[in-house]
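Below is one structure, written out as structure tokens, with a few remarks after it.
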Amino acid sequence: MNSTKRLFFLSAVFLASCIQLPGIERPPGLTLTLTEPADTTYTNGAVRIQLHVQGAIPEHVELLLDDQPLTKLEAPYQFEWDTRSTPEGSHQLRARAHLDGQELRSEAREVVVDRTPPRIAEQKPTPGAQDVWVRDPIEAIFSEPVKANTLTQDSVKLEVGAAEVATTLSLSSDGKRLTLTPVTRPTVPNSLQLLLSGAITDLAGNPLASPMGAWTWNLPLSFSAGTLSIPGETFPYAPHLLIDNENNPFVSWVERTQAPRDPFTIHTYHLAASEWTSTGHTLTAHITFENLTWHPHTAHLDSSNNPLIVWPQIDESSSIGAHHLTIKHWNNPNWKELANTSPTNPTIFDIEDNSGFAIRLDDKDVPTLVWTSANSNLRVWRRTNNTWLELAAALNTKPIIRPDHIQLHLDSTGKPYVAWTEGDILVRRWNGSAWEEQGNPIGNFPGDTTAQPESMLLDEVNRPILAWTETDIAVPSTQLMVSRLEGSAWQALGTPLDISTGYDAFISSVSLQKDNAGNLLIAWMSASPPPHQFVYQINLRRWNGNDWVELGASIPVAAYRYNPYEPRTMSFAIDRAGRPYLAWPGMLLGAPGEPGVQIHRYNY
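In the UniProt record's numbering, the protein residues as written are 1 to 604.
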């Protein structure tokens, strides 16, 4: 050992010998544990107490309540505490023992004495509410936490139209908010009632105090988003409804007189902050009306929510009343004409009278236009760098038959799909250099019938989905169907949605849309069942993967006072929250208010 280490060792021994340590008193070999209650407990009556004593035998043991003696305990250290005389609220319970002059205490247990029944502090929807959205939450908010295991299908019952329905129940983490969700969304219109029984208790076991009165509310068929009309002796016709990129509805429509060849006006309005405001100046147009279910104009919105309006204008210089397409794009403060002819092709936009046309904008606001020209050729043009260029030659295969009921959709790369009728339905896709056939011609009925495409969408992998009608004039009968292209064959989605029979029956304004969850929805207009006259209905269905199911009842549409035939047009759109909007001219049957363009949000 070197000298430094030896010196350090001797110093340590010297210090240790000089320090006088006091005598250390060890706690007695005794432990106290409250095994009952083992944790915080809630009570409105008796509480069973069990103390576990381990080690030495204490001289005496007692229970303390809020640090005050409650009772003495003897082995086996049990006590049934009747809390009925104890004030309500939170209390601290612990055991205390003495041994050899020393005091030992157990850990405290919280005991909450509660003799007050829970009550419903808030109800959603409000009892008696008449205009409840079917997707509004159903919630009961209690005055205090309730036991989760007392919330069952027996203690919580939801009735839809007086029939009990299955629900899922969810209780918030604080135990105060109960949320109910029907397993199957109710159809509309409907009445609902929620029944909460006294089997629901708070944490102390107090049963729920019954709510005052019945908790009922109503789901209406739809909600009015406004009625638009123009003063004067004109009446509205053929609305076109869209949802802009701020999730607000846009509607355009025609105001016309009873004379089929009088000029008409086109109006464009946006809904923002619950107020409809005009977008762009009124457009004055001139067209011939002969088809009660025909839409004489179409509309689209660009990426800045500016409208693009297209209609076939009568050529005043023509002795035979020829038409040419007019394309107006709102560029504040003016409408800009996009249907520009050229000296080398002055008839580029001539269109067959009362024939179909369609336009779409891609994600760069480049328009693609399809229509039947004056020589009955089906043409597709795209406007690039202010110049219209035709995509290959005419599409139709039978020049002697005028292509009609034209549908246009752009895929995710901007390439167009076109559907039209030449007796049967044909569908083509532009591959960038040529038109490709999309399956075989569509048509179900044998014999002399006419199949017509009514609406077209593309699914998430760019497969076309087509809603179409076929009419057998000999019966007469028209049926509405939906088909999807799978591989090279068209496969029906379910059975026909509607079959109208008789000379007064019709199916019009068919529209396919997808909601925010990707569900396929369809809306169409048809005649109401007899004995109603000049009353029509708007029908809605959703594809569930196997069949078309009703969202609810059809919307009854009353005829306008000037022309009982005008309600045969309507428009359908879905916003990004999955809420369907509908627009039609006339009135909601049985509802107060003035006629005009009705815009309603269907309760879905």
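Backbone N, C-alpha and C define an ideal beta-carbon position, used for all residues, glycine too.
Quick caveat, the model's predicted, so the values are computed rather than measured.
Reference residue i; option with closest CA among the options
{"i": "Asn247", "options": "Glu352, Phe349, Pro580, Leu588", "result": "Pro580"}
{"i": "residue 615", "options": "Phe142, Thr569, Leu369, Ser488", "result": "Coverage of the chain is limited to positions 1 through 604, which leaves residue 615 absent and any answer about it impossible."}
{"i": "Trp543", "options": "Pro585, Ala285, Ser488, Ala467", "result": "Ala467"}
{"i": "Pro443", "options": "Ser455, Val418, Thr471", "result": "At residue 443 the sequence reads Gly, which differs from the Pro that was named. The residue with the shortest Cα to Cα distance from Gly443 is Thr471."}
{"i": "Ile400", "options": "Asn375, Leu410, Pro416", "result": "Asn375"}
{"i": "Ala394", "options": "Thr387, Pro403, Asn386", "result": "Pro403"}
{"i": "Arg601", "options": "Gln491, Ala419, Pro249, Trp420", "result": "Pro249"}
{"i": "Leu203", "options": "Asp174, Thr227, Thr372", "result": "Asp174"}
{"i": "Thr368", "options": "Ala238, Trp330, Lys415, Asn345", "result": "Lys415"}
{"i": "Gln78", "options": "Thr501, Ser304, Thr33, His329", "result": "Thr33"}
Reduced DSSP category for residue i - H, G, I as helix; E, B as strand; rest coil
{"i": "Asn331", "result": "strand"}
{"i": "Arg109", "result": "strand"}
{"i": "Glu594", "result": "coil"}
{"i": "Asn247", "result": "coil"}
{"i": "Ser85", "result": "helix"}
{"i": "Ala209", "result": "coil"}
{"i": "Arg135", "result": "coil"}
{"i": "Arg601", "result": "strand"}
{"i": "Leu21", "result": "Any answer about Leu21 is weak, because its pLDDT of 43 lies below 50 and its placement is not dependable; what the coordinates show is given next. Here Leu21 sits in coil by DSSP."}
{"i": "Asn396", "result": "coil"}
{"i": "Asn149", "result": "helix"}
{"i": "Arg383", "result": "strand"}
{"i": "Arg256", "result": "strand"}
{"i": "Arg177", "result": "strand"}
{"i": "Arg402", "result": "coil"}
{"i": "Arg568", "result": "helix"}
{"i": "Ile442", "result": "strand"}
{"i": "Val366", "result": "coil"}
{"i": "Glu275", "result": "strand"}
{"i": "Ala322", "result": "coil"}
One or two residues paired with residue i in a DSSP bridge
{"i": "Leu378", "result": "Thr372"}
{"i": "Glu36", "result": "Gln50"}
{"i": "Glu164", "result": "Glu159"}
{"i": "His98", "result": "His60, Glu103"}
{"i": "Leu466", "result": "Met456, Ser483"}
{"i": "Ile522", "result": "Leu512, Arg541"}
{"i": "Gly226", "result": "Ile599"}
{"i": "Phe349", "result": "None, per the DSSP bridge assignment."}
{"i": "Gln193", "result": "Glu159, Thr216"}
{"i": "Gly55", "result": "Leu30"}
{"i": "Arg429", "result": "Tyr417, Glu436"}
6 Å Cβ shell around residue i - same chain, five flanking residues per side excluded
{"i": "Glu62", "result": "Pro69, Lys72, Arg96"}
{"i": "Pro37", "result": "Arg109"}
{"i": "Gly590", "result": "none"}
{"i": "Gly29", "result": "Gly55, Ala56"}
{"i": "Glu159", "result": "Gln193"}
Own chain, CB closer than 7 Å to residue i, minus 5 neighbours either side, in chain order
{"i": "Ala121", "result": "Ile141, Phe142, Ser143"}
{"i": "Phe349", "result": "His324, Leu325, Ala339, Thr341"}
{"i": "Ala392", "result": "Ala434, Trp435"}
{"i": "Gly578", "result": "Asp515, Asn516, Ala517"}
{"i": "Phe445", "result": "Glu470, Asp472"}
{"i": "Leu151", "result": "Leu169, Leu171, Leu178, Ile200"}
{"i": "Ile351", "result": "Pro312, His323, His324, Leu325, Phe357, Trp371, Thr372, Ser373, Ala374"}
Sequence-distant residues of the same chain with beta carbon closer than 8 Å to residue i, five excluded per side
{"i": "Ile574", "result": "Ile243, Gln513, Lys514, Asp515, Asn516, Leu521, Pro580, Tyr581"}
{"i": "Asn218", "result": "Ala129, Gln130, Asp131, Val132, Pro189, Asn190, Ser191, Leu192"}
{"i": "Glu139", "result": "Glu122, Gln123, Lys124, Arg177, Leu178, Thr179, Leu180"}
{"i": "Tyr503", "result": "Pro476"}
Beta-carbon separation (whole angstroms), residue i vs residue j, contact threshold 8 Å
{"i": "Val380", "j": "Val370", "result": "5 Å"}
{"i": "Pro87", "j": "Pro207", "result": "Rounded, the Cβ-Cβ distance is 22 Å, inconsistent with contact."}
{"i": "Leu283", "j": "Lys328", "result": "6 Å"}
heavy atom of the ligand SAH below 7 Å from residue i C-beta
{"i": "Arg484", "result": "Questions concerning the ligand SAH fall outside what the structure shown contains, since it holds no ligand whatsoever."}
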